[in-house]
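Take a look at the structure below.
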């Protein structure tokens with residue numbers, strides 16, 4: 004008996020569900036990090052420490068806006084693969100990838116600066132902020148690798164396995180974008 | 315079956331045998347993706363860790379047998395105590411329940427041919443093995459973790475604990491969390507997506523509900539431990555500040571995050587035991603579980619409430635009384651789902667016609683120990699009592715009744731119960747009864763006097779004590795009990811090894827169990843089921859017309875899926891087939907990926923960060939190699 008003769012109902016594949024569960028655990032990790040930031044914030048009279056300038060906001064906001072906009076392209080790619088439209092999906096991924104890459108390189112550059120200016124060895128505030136940003140950037144690195152992988156894979160052929168992979172990657176990116184916005188809010192919270 | 319079966323059946327079976335065959339020999343074990351072989355790898359590896367943790371416990375008990383004993387020094391005692399806890403929790407119970415029992419049984423119980431992600435499954439095993447070796451390599455340089463399994467700061471900070479001890483602990487647990495998370499993810503998706511046609515939630519075995527509750531609890535609890543250990547390592551290795559007040563940190567942060575993980579962890583440990591109890595009881599009581607849906611919900615509810623009670627481990631740390639009262643109330647709430655289950659087990663035995671064979675004996679012991687441990691646990695929800703007994707042996711007594719009496723006893727019963735399924739042979743019943751009484755008496759003698767000696771003021775974690783405090787006799791009894799317990803466990807091991815060689819051969823279903831694993835041959839073939847079973851109740855093996863229909867389907871070739879390496883996917887709620895998933899074949903990449911990760915963690919430990927980065931690059935390359943050969947399902 005083959006798939007064609009089975010009474011099939013359309014549903015998300017196991018690969019997509021795997022990504023959902025993975026995102027659930029990663030989101031909990033970020034919840035823990037943000038929770039730590041807030042917990043320590045209420046243990047301290049000065050947060051960030053009095054002598055430190057507040058962290059930069061304008062560049063991270065613009066960069067995050069650009070990154071979040073790639074969710075649209077990822078959504079298009081996800082819809083396209085489920086309709087079996089390989090070229091359309093490939094184009095959407097190829098649009099998203101450079102934006103994600105520029106975001107990542109720019110942020111990593113600023114991240115190194117931030118470590119030197121705020122020195123996690125000097126305060127708990129800088130320690131938790133650097134850890135939070137580092138964890139976020141690490142997740143963007145994984146996302147960029149996934150997008151790049153499927154740009155390569157879809158350049159030749161679309162299979163069900165790859166289609167599920169693209170859908171899972173799109174879901175991952177939506178989640179990472181939400182997490183990035185939350186991290187941004189934490190980063191700018193000293194101004195609030 | 316193959317000899318007398320008609321030709322079409324024989325052809326299907328031959329096809330399945332060919333499609334699902336794996337490489338034989340040692341290489342086959344390295345590259346296997348078969349959930350049953352991976353389950354057995356988990357089983358034997360965790361047994362080795364269990365033996366190690368047991369030897370550590372016996373050494374401690376020998377040291378504590380009489381006053382002013384000098385078997386091991388204080389430094390060694392700290393390492394033994396810490397590694398006993400770490401081993402039993404992270405390298406024995408969790409991998410034994412999710413890795414060995416979950417892996418082997420869940421696909422068989424839900425009528426699937428493998429786990430949802432077979433290669434990921436192999437990866438979790440190899441990473442678990444790497445993490446275990448990493449952790450235990452610390453003994454080679456006499457720098458095993460030594461700040462207790464809870465590893466409280468500031469003791470665990472570099473200033474007070476300057477060796478590699480705590481680095482082994484923190485990195486080892488981060489490493490092991492990867493394996494555990496992947497395993498839990500795999501079990502969750504397997505239970506969501508690979509249930510046999512017709513197995514809607516209300517027909518899923520309670521064992522699988524318990525495994526689902528365990529897996530979800532792991533998914534949401536482990537990140538707190540991982541974050542905590544990352545903070546600790548950043549502070550120890552790179553001079554970050556999370557736990558020291560001078561720089562705006564807080565030592566209680568460690569305890570909060572640790573117990574946010576470690577209290578759900580208690581339920582993670584004990585839920586699979588509930589699942590095993592709900593498998594063994596209906597079989598030997600010859601009656602379906604009473605209050606089936608309530609028990610299923612109670613299992614999930616225990617896991618859920620477990621997230622709201624962590625601060626009852628911190629009643630003596632100076633939290634505000636409002637906080638204490640909230641957590642005390644939440645802790646008392648856990649009684650409700652636990653009691654529902656206890657009554658359901660007892661009533662099922664009461665209504666049915668029980669046969670007290672070894673597996674059911676162990677469940678009897680489990681219920682008794684769980685009630686005792688539960689009652690002493692409820693006492694801690696009373697804040698003044700908790701504050702009076704914090705850090706005494708009363709606490710040690712309580713949690714050993716739970717995590718040995720309640721969590722391990724069903725495992726021991728489960729080993730006997732599924733032994734015929736896994737090996738195709740019967741264990742020695744008389745020897746099994748002897749082993750039950752030895753472990754039962756041993757457990758009681760070891761852990762019950764701890765209540766008394768705790769109330770008499772003996773504190774936890776001490777490596778020795780003086781004469782004349784009134785503790786001597788109790789401690790001696792505990793040590794004797796420890797050796798009786800060890801003898802009981804050894805008897806079980808002996809029974810398993812001997813019966814594996816000499817036990818009487820059994821058919822597919824020696825106990826007349828109700829769930830799907832008993833419908834297939836013992837041991838199950840690599841493809842588990844010749845026909846994907848269709849399910850119409852929670853005890854499908856007792857539905858004889860359905861199983862007869864399966865045989866007719868095999869003749870017709872319905873739902874046999876013998877043309878490729880396939881298993882059906884179904885919808886999450888109703889288990890209506892939604893697709894045919896092509897499963898990946900055996901692969902060398904999981905073990906390679908795990909090896910690169912192991913190397914990377916050793917490099918992190920020794921502060922070779924650039925080399926560790928390179929090792930993680932190799933991990934990425936290996937992951938690319940993994941995906942170079944992907945299942946092709948030819949849509950586009």
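Residue numbers (the working numbering), protein chains in the order written: chain A, 4 to 195; chain B, 315 to 950.
Built from N, CA and C at the ideal position, the CB exists for glycine as well.
Owing to the predicted nature of the structure, the values given are computational and were not obtained by experimental measurement.
Check: Following the continuous alpha helix (DSSP H) through residue 574 of chain B, name the residue where it begins and the one where it ends.; Outcome: 565-599
Check: Give me whichever residues DSSP pairs with residue 883 of chain B in a beta bridge.; Outcome: B/893
Check: At a CB distance below 9 Å, what residues from the segment 14-27 of chain A approach chain B? Give them in sequence order.; Outcome: 14, 15, 16, 17, 18, 20, 21, 23, 24, 25, 27
Check: Where are the alpha helix (DSSP H) runs, 4 residues long or more, that stay fully inside the segment 476-546 of chain B, in chain order?; Outcome: 479-507
Check: Could you tell me if residue 732 of chain B is buried or exposed, where buried requires 16 or more neighbouring beta carbons within 10 angstroms of its beta carbon?; Outcome: buried
Check: Using 8 Å as the threshold, is the C-beta distance between residue 587 of chain B and residue 724 of chain B below it?; Outcome: yes
Check: Closer than 7 Å, Cβ to Cβ, to anything on chain A: give me those residues from the segment 691-704 of chain B, in chain order.; Outcome: none
Check: Output needed in chain order: residues of the segment 752-764 of chain B with a Cβ under 8 Å from some Cβ in chain A.; Outcome: none
Check: Can you find a heavy atom of the ligand FMN that lies under 7 Å from the Cβ of residue 538 of chain B?; Outcome: This structure lacks the ligand FMN; in fact it carries no ligand of any kind.
Check: How about residue 513 of chain B and residue 849 of chain B: do their beta carbons lie closer than 8 Å?; Outcome: yes
Check: Between residue 40 of chain A and chain B, is any beta-carbon pair separated by less than 8 Å?; Outcome: no
Check: Expressed to the nearest angstrom, what Euclidean distance is found between the alpha-carbon atoms of residue 797 of chain B and residue 765 of chain B?; Outcome: 19 Å
Check: Quick one: what does DSSP say residue 432 of chain B is sitting in, helix, strand or coil?; Outcome: helix
Check: Answer with yes or no whether the minimum CB distance from residue 554 of chain B to chain A is below 8 Å.; Outcome: yes
Check: Residue 809 of chain B lies in the alpha helix (DSSP H); which residues open and close that run?; Outcome: 786-816
Check: State the Cα-Cα distance for the pair residue 917 of chain B and residue 486 of chain B, rounded to the nearest angstrom.; Outcome: 12 Å
Check: Determine the chain A residues that contact residue 944 of chain B at a beta-carbon separation under 8 Å, and present them in chain order.; Outcome: 162, 164, 165
Check: Look at residue 584 of chain B and residue 403 of chain B and say whether their C-beta atoms are less than 8 Å apart.; Outcome: no
Check: Along the alpha helix (DSSP H) that carries residue 716 of chain B, what are the first and last residues, could you check?; Outcome: Segment: none, residue 716 of chain B is in no alpha helix (DSSP H) and carries neither H nor E.
Check: Against residue 533 of chain B, what residues of chain A qualify as contacts under a CB-to-CB distance less than 8 Å, listed in chain order?; Outcome: 24, 27, 28, 31
Check: Under DSSP, the alpha helix (DSSP H) around residue 398 of chain B begins and ends at which residues?; Outcome: 388-400
Check: For residue 844 of chain B, does the three-state DSSP call read helix, strand or coil?; Outcome: coil
Check: For a contact meaning CB atoms closer than 8 Å, what does residue 537 of chain B contact in chain A?; Outcome: 28, 29, 31, 32, 34, 35
Check: Exposed or buried, what is residue 653 of chain B when buried is set at 16 or more other beta-carbons lying within 10 Å of its beta-carbon?; Outcome: exposed
Check: For residue 150 of chain A, which residues from the same chain have a beta carbon less than 7 Å from its beta carbon, with the 5 sequence-adjacent residues on both sides left out?; Outcome: 96, 99, 100, 103, 172
Check: Which whole-angstrom value is the C-beta distance of residue 71 of chain A and residue 184 of chain A, which I expect to be below 8 Å?; Outcome: 7 Å
Check: Which residues share a DSSP beta bridge with residue 773 of chain B?; Outcome: B/706
Check: Just the C-alpha distance for residue 481 of chain B and residue 912 of chain B, rounded to the nearest angstrom, thanks.; Outcome: 15 Å
Check: When Cβ atoms are compared, which residues of the segment 98-109 of chain A fall closer than 9 Å to chain B?; Outcome: none
Check: Taking only the alpha-carbon atoms, compute the straight-line gap between residue 665 of chain B and residue 601 of chain B and give it to the nearest angstrom.; Outcome: 7 Å
Check: Kindly identify the DSSP beta-bridge partner or partners of residue 819 of chain B.; Outcome: B/739
Check: Taking residue 127 of chain A as the query, report the chain B residues whose CB atoms sit under 7 Å from its CB, ordered along the chain.; Outcome: 555, 556, 561, 562, 563
Check: Indicate whether residue 901 of chain B and residue 427 of chain B have their beta-carbon atoms separated by less than 8 Å.; Outcome: no
Check: Quick one: give me the first and last residue of the alpha helix (DSSP H) that residue 604 of chain B is part of.; Outcome: No alpha helix (DSSP H) holds residue 604 of chain B; DSSP gives it neither H nor E.
Check: Can you grab the Cα-Cα spacing for the pair residue 516 of chain B / residue 549 of chain B, in whole Å?; Outcome: 48 Å
Check: Of all the options B/942, B/633, B/354, which has the alpha carbon lying nearest to the alpha carbon of residue 729 of chain B?; Outcome: B/354
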